[in-house]
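Chemist:
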Amino acid sequence: MVHSMSNNAHSLRIVPLGGFGEIGMNCLAIETHDELLIVDCGVQFPSEPRLGVDVIHASFEYLLSKRDKIAGLVATHGHEDHIAAIPFLLEQLSIPIFAGPYTVALLQSRLQEFPRLRKIQFNVIENALPFHVHNFIITPIRMPHSTVDNFALLIETPAQNNHSGYRIFHTSDFKLNVKHPTDNADILSTLRALQPVDLMITDSTGSLEQEDAGDEDTLIEHLEELIVDAPGRVFIALFSSNIERIRNLIKIAEHTGRHISLSGRSVLNHYRIARETGDIPSTAPVLIPEQSAHHLNDTELIVLLSGTQGESRSALGRFASGKHSQFTPISTDTVILSSRFIPGNELQISRTISRLVEQQVQVFHRNNWQRIHVSGHGSKNEILAAMNAVSPRALLPAHGTFEHLQATANLAKEAQIPSTVTATNGDVISLTDGILTIDEKIAHGKIFIENNRPLPEAQVRERHRISNHGTYVIWASLCKRVSPPSILIRQHTLGVVPESGKESLFHSVEQIIQDTIQQISVRKMTNELLQKEIKIAIRKYLRNQFGRNPIFSIYIDLES
257 MVHSMSNNAH
267 SLRIVPLGGF
277 GEIGMNCLAI
287 ETHDELLIVD
297 CGVQFPSEPR
307 LGVDVIHASF
317 EYLLSKRDKI
327 AGLVATHGHE
337 DHIAAIPFLL
347 EQLSIPIFAG
357 PYTVALLQSR
367 LQEFPRLRKI
377 QFNVIENALP
387 FHVHNFIITP
397 IRMPHSTVDN
407 FALLIETPAQ
417 NNHSGYRIFH
427 TSDFKLNVKH
437 PTDNADILST
447 LRALQPVDLM
457 ITDSTGSLEQ
467 EDAGDEDTLI
477 EHLEELIVDA
487 PGRVFIALFS
497 SNIERIRNLI
507 KIAEHTGRHI
517 SLSGRSVLNH
527 YRIARETGDI
537 PSTAPVLIPE
547 QSAHHLNDTE
557 LIVLLSGTQG
567 ESRSALGRFA
577 SGKHSQFTPI
587 STDTVILSSR
597 FIPGNELQIS
607 RTISRLVEQQ
617 VQVFHRNNWQ
627 RIHVSGHGSK
637 NEILAAMNAV
647 SPRALLPAHG
657 TFEHLQATAN
667 LAKEAQIPST
677 VTATNGDVIS
687 LTDGILTIDE
697 KIAHGKIFIE
707 NNRPLPEAQV
717 RERHRISNHG
727 TYVIWASLCK
737 RVSPPSILIR
747 QHTLGVVPES
757 GKESLFHSVE
767 QIIQDTIQQI
777 SVRKMTNELL
787 QKEIKIAIRK
797 YLRNQFGRNP
807 IFSIYIDLES
């Protein structure tokens, strides 16, 4: 459905399509009367079971309905939850992309998996240098985060009908540097200089955290202690995009006389791109290919792995399950999960840790070691400090569950910001004369991706049902020429009962089929009627007996 702007032509519309009320899948539309700017377009990773789904992105239905108004897309930084859905959007829309050098390099690398896409217009942005996205004027402001080239955005909309336009400040993901107060002062000074700001859209991910996010320098000191004390090989799982941490771990390897090896597609890709963009200097030592790492003594090796969330197909997941092609866990190994546990992934992370502990591997993670990871997202105090520095007329919490968003809205009241709302995906938020209101709800949803192709939601639901309830296939051949009709029945089932219980189940179901057929007049018998009545009877039995509602396939061969 196409929605028109508010009757007030001066109103600004903000339409979150992802990342509001959930972690990940960030995608936001900022809309004036005649133009629309997209900020970020990311994915979300499915929790187990994956059901063949690789990633999930927001539905583009609203953006497609506004295709003639779209000026372009600005990516704040290169995390998957902010950029990984851009190729899928570009398959449907031809629009220019604006991003920092590292983020552009990541996107160009990713687009190699999409040979259908040609002539994508990338525009590289640099810190503090304003640029135009058609009539939007955008000033990128570098903000601390857990990846390089992370930019907050000051977005200025064009003047219209004697209205001066709007000044919108989008923080991107961010934290404030607590160890180096001079750096912190510079950031806050930069934010104060943005005033006046009509609307601040802020990261809310850390709004429930009481302690400040912390800094990389302190973290690296703790990691070096663990590495020095490790009796053998050290495996470190980290977010592949955390280039600063990779740089620091390379330094630690030099200090401790160890060599670095990389394992996992994403960590290898990020390392390669960081070398190409200069974010890892060319003077960094040459890494040891994982295929050659077995030539080193155990005390000489650090392996950086992808798979911080315990994904079964990741390098860490394969290592923990004994399926890694190069490394098998041994009792002198040390594994460090230098990452946060993304909400929803706790169970699969716990399973991975348990597999390693069962093999006598020593595992350090955020729940058993004080400083194993520092977040890229500022705590409530850091968010509040940014609010006070910007001092906007209105504030919109972004990036987080509803609890995170509400906590940020409460901080806005503490900061005495006049107007704030807690919005979720699909809400249409208007800003008029400094007041935020939620005017309507648009159709929105999620697109499931398998092998870079969309997977219909109905098919995902069917797979989910099969995983929970199993399948049941029945072939029945009937001959009506004899009385009572002769019946030949074959059955096949998966996931409904254990193998040992199938014989008893088949006997019971065969009796149900025979009883059902006997209750139907021979003259009224049709394939459709038999299928319907048999399915009803068996489904009732399985639900009452086993609590199962499997996917049924019933085939009737009815001979006259």
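Using our numbering, you'd call the opening residue of the sequence shown number 257 and step up by one each time. From the three backbone atoms N, C-alpha and C, an ideal C-beta is built for every residue, glycine too.
Would you check if the distance between the CB atom of residue 768 and the CB atom of residue 810 is smaller than 7 Å?
Modeler: Walking along the sequence shown from the start, residue 768 turns up at place 512. Walking along the sequence shown from the start, residue 810 turns up at place 554. The answer is no: Cβ separation not under 7 Å.
Chemist: Hey, residue 410 and residue 395: beta-carbon distance below 7 Å or not?
Modeler: Taking the first residue of the sequence shown as position 1, residue 410 is located at position 154. Taking the first residue of the sequence shown as position 1, residue 395 is located at position 139. For residue 410 and residue 395, yes; Cβs fall inside 7 Å.
Chemist: Tell me, to the nearest whole angstrom, how far the beta carbon of residue 356 is from that of residue 387; I am working on the premise that it is less than 8 Å.
Modeler: Residue numbering aside, residue 356 sits at position 100 when the sequence shown is read from its first letter. Residue numbering aside, residue 387 sits at position 131 when the sequence shown is read from its first letter. That belief does not hold up - the Cβ atoms of residue 356 and residue 387 are roughly 12 Å apart, past 8 Å.
Chemist: Among the candidates 316, 502, 742, whose CA atom is the shortest distance from the CA of residue 404?
Modeler: Taking the sequence shown and counting its residues from 1, one reaches residue 404 at position 148. Here the closest residue by C-alpha is 502.
Chemist: Quick one: residues in its chain with C-beta nearer than 6 Å to the C-beta of residue 300, no 5 flanking neighbours on either side, listed in chain order?
Modeler: Position 44 of the sequence shown holds residue 300. Only 280, 281, 312 meet the Cβ criterion.
Chemist: Less than 7 Å between the beta carbons of residue 627 and residue 478, yes or no?
Modeler: Locating residue 627 in the sequence shown gives position 371, counting from the first residue. Locating residue 478 in the sequence shown gives position 222, counting from the first residue. Going by C-beta atoms, residue 627 is nearer than 7 Å to residue 478.
Chemist: With distance defined between alpha-carbon atoms, name the residue in 659, 650, 658, 707 nearest to residue 687.
Modeler: Translated into the one-based positions of the sequence shown, residue 687 becomes position 431. Of the candidates 659, 650, 658, 707, the one whose C-alpha sits nearest the C-alpha of residue 687 is 650.
Chemist: Alpha carbons only, please: which of 481, 600, 699 is nearest the one belonging to residue 566?
Modeler: In the sequence shown, residue 566 corresponds to position 310, counting from 1. With distances taken between Cα atoms, residue 566 lies closest to 600.
Chemist: Give me the Cβ distance between residue 354 and residue 379, rounded to the nearest whole Å; I'm assuming they're in contact under 8 Å.
Modeler: Taking the sequence shown and counting its residues from 1, the one referred to as residue 354 is at position 98. Taking the sequence shown and counting its residues from 1, the one referred to as residue 379 is at position 123. Rounded, the Cβ-Cβ distance is 5 Å, consistent with contact.
Chemist: If you follow the beta strand (DSSP E) that residue 559 is in, where does it begin and where does it stop?
Modeler: As a working mapping, residue 559 is identified with position 303 in the sequence shown. Start and end: 557-561.
Chemist: Using the three-state DSSP reduction, which class does residue 719 fall into: helix, strand or coil?
Modeler: Here residue 719 corresponds to residue number 463 of the sequence shown, with the count starting at 1. Helix.
Chemist: Under the DSSP definition of a beta bridge, which residues are partnered with residue 746?
Modeler: Locating residue 746 in the sequence shown gives position 490, where the first residue counts as 1. Its beta-bridge partners are 731.
Chemist: From the DSSP output, in three-state form, read off residue 787 for me.
Modeler: The residue given as residue 787 occupies position 531 in the sequence shown. Residue 787 falls in the helix class under three-state DSSP.
Chemist: Once the 5 residues before and after residue 580 are set aside, which same chain residues still bring their CB inside 6 Å of it?
Modeler: Here residue 580 refers to the residue found at position 324 of the sequence shown. Within the same chain, residue 580 has close Cβ partners 574.
Chemist: Strictly by DSSP, which residues pair up with residue 491?
Modeler: The residue you call residue 491 lines up with position 235 of the sequence shown. DSSP, once it has assigned bridges, lists 559, 591 as partnering residue 491.
Chemist: In this structure, how does DSSP classify residue 771 when only helix, strand and coil are distinguished?
Modeler: Along the sequence shown, read from residue 1 onward, the residue named residue 771 stands at position 515. If DSSP states are grouped into helix, strand and coil, residue 771 belongs with the helices.
Chemist: Going straight from the alpha carbon of residue 602 to that of residue 462, what length do you get?
Modeler: By one-based count along the sequence shown, residue 602 stands at place 346. By one-based count along the sequence shown, residue 462 stands at place 206. The straight-line gap from Cα to Cα measures roughly 18 Å.
Chemist: Please report the distance separating the alpha-carbon of residue 258 from that of residue 318.
Modeler: Position 2 of the sequence shown, counted from the start, is the residue given in the question as residue 258. Position 62 of the sequence shown, counted from the start, is the residue given in the question as residue 318. At residue 258, the pLDDT of 40 sits below 50, so the modelled position is not reliable and the matter cannot be decided from this model.
Chemist: Between 367, 784, 544, 384, which lies nearest to residue 450 when the distance is taken from Cα to Cα?
Modeler: Here the question's residue 450 lines up with position 194 in the sequence shown. The candidate whose alpha carbon is nearest that of residue 450 is 384.
Chemist: May I ask you to report which of helix, strand or coil DSSP gives residue 810?
Modeler: Position 554 of the sequence shown, counting from 1, holds the residue named residue 810. Correct three-state label for residue 810: strand.
Chemist: What would DSSP say about residue 501, mapped onto helix, strand or coil?
Modeler: Along the sequence shown, one-based indexing puts residue 501 at 245. In this structure, residue 501 counts as helix in the three-state DSSP scheme.
Chemist: Would you check if the segment 744-753 and the segment 722-730 touch, i.e. whether three or more CB-CB distances between them fall below 8 Å?
Modeler: Verdict: yes, contact present.
Chemist: Please name the residue, chosen from 310, 277, 266, 613, that lies closest to residue 290 on a Cα-to-Cα basis.
Modeler: As a position in the sequence shown, residue 290 is number 34, starting the count at 1. Taking only the C-alpha atoms, the option nearest residue 290 is 266.
Chemist: Who are the near neighbours of residue 322 in its chain, counting only those whose CB is closer than 8 Å to its CB and skipping five residues on each side?
Modeler: Looking up residue 322 in the sequence shown gives position 66. Counting only Cβ-Cβ distances below 8 Å, and skipping sequence neighbours, we find 258, 285, 287, 292.
Chemist: My assumption, with CB atoms under 8 Å, is that residue 661 sits in contact with residue 685. Please give the rounded CB distance.
Modeler: Position 405 of the sequence shown, counting from 1, holds the residue named residue 661. Position 429 of the sequence shown, counting from 1, holds the residue named residue 685. Contact doesn't hold; Cβ gap of about 12 Å is too wide.
Chemist: In three-state terms, what does DSSP make of residue 388?
Modeler: Position 132 of the sequence shown holds residue 388. Strand, per DSSP.
Chemist: Taking just the CA atoms, how far does residue 765 sit from residue 806?
Modeler: In the sequence shown, the residue the question calls residue 806 occupies position 550. In the sequence shown, the residue the question calls residue 765 occupies position 509. The alpha-carbon atoms of residue 806 and residue 765 are separated by roughly 14 Å.
Chemist: In whole angstroms, give me the CA-to-CA distance for residue 592 and residue 465.
Modeler: Numbered from 1 along the sequence shown, position 336 holds the residue referred to as residue 592. Numbered from 1 along the sequence shown, position 209 holds the residue referred to as residue 465. Computed Cα separation, rounded: 23 Å.
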